[in-house]
DNA sequence: CAAATCCCAAGTAAATTACTAGGCTTTTTC
DNA sequence: GAAAAAGCCTAGTAATTTACTTGGGATTTG
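Protein chains in written order, with this note's numbering: chain A, 48 to 196; chain B, 48 to 196.
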């Protein structure tokens, strides 16, 4: 029941964008460096988020990435669903995946996966990027917030 | 954010034992056949659960596995924690794993993983095997309950 | 035009998962 | 007391997924 680094890197990167919301595009290079992530790998993740409409990009020199909407309007759930493909703990309860197992009607285990999925959804959909930015600011760190997310 | 087949097979097998609680040992062979699971693989899973004290085994002919305590006293959380190692969505919030990342105090993402872990724990720890057995009985199936979990 | 940047597809190394194989021990049954 | 039915255990391996790397192309700025 682990999330992959996609969620971790993606969330950190997008939070980085949230901290700089309204300040123009941030290049991948900077984000990757801030968090010690492979630049090319992060590019793939941000590209996925762009295709999903969550972030925007500006090409060319002085280009980079920025949020497509305000940090208050983007939830962690959206980000993670896009990057992981789904948050369902099992394929059989994945809405995008209609080929659920044919024993679904007789499966007591499925009830468990359903409950889990609902619970995870509720948590992730209730946290916005703005919430996370505030949380980050609350931590009265000696480090720059941006650099140690 | 997927659970592996360990959780699925393990849960189904243990539920099979719960359905037969008090009726003596059930051989792996039968459980594996019921659910279409590899016998040797299931053996590894049940062995893990046995070492953790959740199930008991009886060797020799007419032997097999049985629950170590009543279905009311065993939660899905216990089973899954033992089989998956942990239910933490990230290593950095895994209690068993004390080498959390050194930026923990300054990490807003960590808050997300913590909330998730708590939520998943709450759901899984609140479901007992007895609950699942009842759920299974409620499904007025044309199939034998035991065989199509 | 050169540099900075995003865009994209294909390849690959590492890790994890899901087994398989096979020999050993214990207990029951005939 | 031998054979069969079970669990016990370790090592190997195939398949899948993850986490990259490589490298060429397109776009924009100065």
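Note that the Cβ used here is the ideal one computed from N, Cα and C, for glycine as well.
### Message
Run through the DSSP bridge pairs and tell me what residue 51(B) is partnered with.
### Response
None, per the DSSP bridge assignment.
### Message
So that I know if they touch, is there some Cβ in chain B lying closer than 8 Å to that of residue 116(A)?
### Response
In terms of beta-carbon proximity, residue 116(A) stays away from the interface with chain B, with every pair separated by 8 Å or more.
#### Entry: Neighbourhood of residue 174(B) by C-beta, 7 Å cutoff - its chain only, sequence neighbours within 5 removed
If we look at residue 174(B) and ignore the five residues flanking it on each side, its Cβ neighbours are 122, 123.
### Span of the beta strand (DSSP E) around residue 140(B)
For residue 140(B), no beta strand (DSSP E) segment is defined, and its DSSP state is neither H nor E.
### Query
Just the Cα atoms here: how many angstroms apart are residue 110(B) and residue 170(B)?
Their backbone Cα atoms lie some 34 Å apart in a straight line.
### Message
If distances are taken between C-alpha atoms only, which option among 140(A), 131(A), 105(A) comes closest to residue 70(A)?
### Response
Of 140(A), 131(A), 105(A), the residue nearest in Cα terms is 105(A).
### Task
Could you tell me whether the Cβ atoms of residue 140(B) and residue 128(B) are closer together than 8 Å?
Residue 128(B) is positioned such that its CB atom lies no closer than 8 Å to that of residue 140(B).
### Query
What are the residues that DSSP puts in a beta bridge with residue 175(A)?
Answer by DSSP bridge pairing, in chain order: 122(A).
### Task
Work out the CA separation of residue 94(A) and residue 118(B) for me, nearest whole Å.
Taking the Cα positions, residue 118(B) is about 48 Å away from residue 94(A).
### Task
Leaving out five residues on either side along the sequence, give the residues of the same chain with a beta carbon under 8 Å from the beta carbon of residue 53(A).
Counting only Cβ-Cβ distances below 8 Å, and skipping sequence neighbours, we find 92, 130, 131.
### Message
Assuming residue 180(B) and residue 66(B) are in contact, meaning their beta carbons sit under 8 Å apart, how far apart are those beta carbons, in whole angstroms?
### Response
With a Cβ gap of about 6 Å, residue 180(B) and residue 66(B) count as contacting.
### Task
Assuming residue 134(B) contacts residue 48(A) (C-beta within less than 8 Å), just tell me the rounded distance between them.
About 5 Å separates the two Cβ atoms, so the contact holds.
### Task
Could you check the C-alpha separation between residue 143(A) and residue 166(B) for me, to the nearest Å?
The straight-line gap from Cα to Cα measures roughly 23 Å.
### Query
Got a sec: which bits of the stretch 165–190 of chain B sit with their beta carbon under 8 Å from any beta carbon on chain A, in order along the chain?
Hits within the stretch, in order: 166, 167, 169, 170, 171, 174, 179, 180, 182, 183, 186, 188, 190.
### Query
Interface residues of chain B around residue 60(A) at Cβ under 8 Å?
Residues of chain B passing the Cβ test: none, with the nearest at roughly 11 Å.
### Query
Closer than 7 Å, Cβ to any Cβ of chain A: which residues of the stretch 120–148 of chain B, in chain order?
Those would be 123, 131, 134, 136, 137, in chain order.
### Query
Considering only residues of the same chain and omitting the five flanking positions on each side of residue 115(B), which have a CB-CB separation below 7 Å?
The residues are 100, 101, 102, 103.
### Query
Taking 8 Å as the CB-CB cut-off, is residue 195(A) touching chain B?
Note that residue 195(A) scores a pLDDT of 42, beneath 50, so its modelled location is shaky; the value from the coordinates is reported in the next line. Interface flag for residue 195(A) against chain B is set, since a Cβ pair is found closer than 8 Å.
### Query
Relative to the C-alpha of residue 183(B), which residue among 155(A), 162(A), 51(A) is closest?
Cα-wise, what sits closest to residue 183(B) is 155(A).
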